[in-house]
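What follows is a set of notes on a single structure, which appears directly below.
Numbering (the numbering used here), first residue to last: 1369 to 1442.
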């Protein structure tokens, strides 16, 4: 018996197996790596930790104040 696989058959298969394609799309669309394109603060914090950067940047005054608080709390 010969099976005819026409355009209609291919479209039906695609519709039937659509749920399998979700996982490949997740692999294709990776997170943004460019710092300028990161929008959420949580994303920037994670990316800064990966890059070894200090974010948010703190001034010397803020660092001194934070150091004094740590000394006084001990």
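Here a beta-carbon is modelled for each residue, glycine too, at the ideal position from N, C-alpha and C.
{"Check": "Quick one: grab the DSSP three-state call for residue 1419.", "Outcome": "helix"}
{"Check": "Is residue 1427 helix, strand or coil by DSSP?", "Outcome": "coil"}
{"Check": "What whole-angstrom Cβ distance do residue 1423 and residue 1416 have, given they're in contact under 8 Å?", "Outcome": "4 Å"}
{"Check": "So residue 1382 is in the alpha helix (DSSP H); what residue range does that whole segment cover?", "Outcome": "1375-1384"}
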